[in-house]
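Chains as they are written, first to last, in this note's numbering: chain A, 12 to 121; chain B, 101 to 214.
These notes concern the structure reproduced below.
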Amino acid sequence: RKEVEQDPGPFNVPEGATVAFNCTYSNSASQSFFWYRQDCRKEPKLLMSVYSSGNEDGRFTAQLNRASQYISLLIRDSKLSDSATYLCVVIPGGGNKLTFGTGTQLKVEL
Amino acid sequence: DTEVTQTPKHLVMGMTNKKSLKCEQHMGHRAMYWYKQKAKKPPELMFVYSYEKLSINESVPSRFSPECPNSSLLNLHLHALQPEDSALYLCASSQGQDSYNEQFFGPGTRLTVL
């Protein structure tokens, strides 16, 4: 089993739709969780950290379920500019070594 | 200013060349990282520097040699590379080496080895 698993997609959604991505992780001792977005041929950009209590930033909501070992990202009112690959990132245990999922591709269409 | 800069943006080199990639951050971050990313794959960690000392080397071949001249700069020296080393090389930094510290990536150097 991979340390971090994501559905690669692509998810093709119309503008204005709500879309959700899930990501599962295998190490129950994982402590830190993040969502990054990566545009084609660009660097990953931090979208948000994921806190135990869940957190929201505008149209984006992240949730953590430790019991089931998954994190989720919800995007409301999708924009064309949201089209990107969304990378689930976990730090399994202490330290600073990021473990990336393979990414989920989102395409928002008119 | 949450910016990490990298030079050059693109690099083409032969297998016998020696070149260096440079990374700079002025956020006062004390941990810096090199990642390698192949097309349609996630980034793979190569090296971590913490407080200017190498703390993690992910079994990277010796043809890649990192250097941290000071807390703001990180170099990656390249020598005798192979065509399969062609990739996007990403530098990142974080405030410290704790797991909750968010990492910020530079724009990367796209390397082609002929």
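From the three backbone atoms N, C-alpha and C, an ideal C-beta is built for every residue, glycine too.
Worksheet item: For residue 183 of chain B, which three-state DSSP category applies?
Response: helix
Discussion item. Can you tell me whether residue 106 of chain B is buried or exposed? The criterion is at least 16 other CB atoms within 10 Å of its CB, across all chains shown.
Written reply: buried
Worksheet item: Can you give the beta carbon distance from residue 136 of chain B to residue 146 of chain B, rounded, assuming they're within the 8 Å contact cut?
Response: Residue 136 of chain B to residue 146 of chain B, Cβ: 6 Å. Contact.
Discussion item. Check whether the segment 111-118 of chain A and the segment 190-204 of chain B touch, using three or more Cβ-Cβ pairs below 8 Å as the test.
Written reply: No contact exists between the segment 111-118 of chain A and the segment 190-204 of chain B.
Worksheet item: Whose Cβ in chain A lies nearer than 9 Å to the Cβ of residue 206 of chain B?
Response: 54
Practice prompt. Leaving out five residues on either side along the sequence, give the residues of the same chain with a beta carbon under 8 Å from the beta carbon of residue 18 of chain A.
Written response: 32, 33 and 115
Worksheet item: Since residue 190 of chain B meets chain A, which of its residues come closer than 9 Å, beta carbon to beta carbon?
Response: 54 and 55
Practice prompt. Give the straight-line distance between the Cα atoms of residue 124 of chain B and residue 45 of chain A, rounded to the nearest whole angstrom.
Written response: 23 Å
Fill in: Reduced DSSP secondary structure (H/G/I, E/B, other) of residue 93 of chain A
Here residue 93 of chain A sits in helix by DSSP.
Item to complete: Could you tell me whether the Cβ atoms of residue 196 of chain B and residue 130 of chain B are closer together than 7 Å?
Response: yes
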